[in-house]
Structure formats: C-alpha cells, structure tokens
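So for the sequence shown, the working numbering puts the first residue at 323; every next one is plus one. Virtual Cβ for every residue (Gly too), placed ideally from N, Cα, C.
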Amino acid sequence: MAFPPGGARALQLTLALIKPDAVAHPLILEAVRDRILKHGFLIVRARELLWAREDCRAFYQEHAGRFFYQRLVEFMASGPTRAYILARVDAVRQWRALLGPTKVFRARHEAPDSIRGSYGLTDTRNTVHGSDSEVSAHREMAAFFPDFSPQHWYREEEPHLRRGPTRYDEQEGVHRLDPGRSGSNPA
C-alpha cells in the first residue's frame with residue numbers, strides 16, 4: 323500500500339458484491355449498505371447489473387471443475403447484483419472481516435454479527451463477495467467497472483477523500499466531498 327506525504331495512510335480499494343439473494347430483498351440490501359457505511363467504508367463507485375452467465379464463468383474461472391462451480395455461476399446469473407468499489411485504510415482485510423466466513427454455518431457460529439452470519443442462506447447464497455487481496459481487488463474491479471482506473475483514482479480522488487470531509491450521496495449511492503463541512507474522515 324502506498325503511503326502519501328505527511329504520514330497519513332492511503333485509502334485502499336476493494337470490490338464488494340452484493341449477491342442476488344440480498345439484492346432481491348430491499349431491506350437486506352439496505353442493511354448491508356448501512357453496515358458498509360457504519361464500518362467506515364467510503365463507497366466510491368456503485369452499480370447494479372444483471373450478470374451474463376459467460377461473465378460469471380470468466381469471473382469464477384479459478385473455481386472451474388470444483389463441485390460448486392456450476393451452481394455458483396447459475397446463482398450469480400439468476401438476478402441483479404450490486405457492485406461497489408469501497409475505500410478505507412486496510413479495506414481488503416476490513417471488508418473480509420465484516421463479511422465473515424464463506425460457509426454460512428461457520429459464520430453463524432463464529433461470527434454471528436458478520437454479514438454472512440446475519441443474512442447468508444447457504445454457502446452459495448451467502449449474500450456478499452469480497453476480494454481476497456489487493457491484486458484480486460484490482461482485477462475484479464476491472465471486471466465490473468471497466469472505465470475505472472485505480473491509478474487515476476489514487477492520483478486525483480484518493481487524497482481529497484482521505485482528507486475529507488465527505489458525505490454519502492443517497493441519490494447517487496456514493497461518497498462525495500462535502501465542502502460545506504470541516505474536519506477529516508475517520509477512515
């Protein structure tokens with residue numbers, strides 16, 4: 323992770339997917355978004371999409387041949403998915419911690435307050451996806467946000483969002499600079 327001048331840690335980017343099981347239920351979708359905001363993540367990009375099977379297969383290619391692969395592809399193509407690019411210090415690790423274990427049974431017992439522990443239905447319908455590393459995050463963000471350039475974001479947007487102040491724009495579903503407030507961000 324880069325460290326900007328002045329010693330402040332740069333914000334890290336990660337991809338968050340809200341899977342079709344959660345998007346189909348507006349109250350769960352809202353609850354997941356509220357947890358994202360409550361835990362200090364900035365939403366820097368957001369979009370909802372209906373994912374084609376071919377795109378699902380390509381995204382989950384590393385799992386091809388495993389017993390759950392086809393079920394996962396079919397599920398992810400079954401309805402709308404919400405994709406976010408999230409930012410905060412140590413975003414990949416913090417987002418994965420908030421998700422909880424992939425296996426819902428484990429999540430319910432080991433991390434009942436996690437998103438998967440609260441809303442996951444099965445190991446496939448486990449509500450959310452999170453990148454497992456910064457390298458994966460950049461590759462996965464490109465799949466959902468092909469026009470997004472992390473290099474440009476770090477150069478042009480990150481310093482301003484890190485220093486703040488920001489506000490969450492309900493209409494757009496992303497954070498914006500808030501020139502009307504003073505102070506700095508807790509991220």
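- For the pair of segments examined, the stretch 388 to 406 was found to touch the stretch 352 to 368: the number of CB pairs separated by less than 8 Å reaches three.
- Around the C-beta of S453, 16 or more other C-beta atoms lie within 10 Å, and the residue is accordingly described as buried.
- According to the DSSP assignment, R331 belongs to no beta strand (DSSP E), since it is labelled neither H nor E.
- Counted as a single uninterrupted DSSP element, the alpha helix (DSSP H) harbouring V395 occupies residues Y391 to M398.
- Buried is the label assigned to P342, since at least 16 other Cβ atoms lie within 10 Å of its Cβ.
- Ranked by Cα distance from W417, the first of A465, A459, F397 and D500 is A459.
- Secondary structure in the stretch 454 to 509: the alpha helix (DSSP H) runs of 4 residues or longer, each lying completely within the stretch, are 456 to 466, 472 to 478 and 480 to 485 in chain order.
- Exposure of P348 is indicated by the presence of fewer than 16 other C-beta atoms within 10 angstroms of its C-beta.
- Contact annotation, I340 with L333: C-beta distance approximately 21 Å; criterion of less than 8 Å not satisfied.
- When secondary structure is reduced to three states using DSSP, G439 falls in the helix class.
- Going by C-alpha positions, W373 is about 26 Å away from S436.
- For R461 and G502, the gap between their C-alpha atoms comes out near 35 Å.
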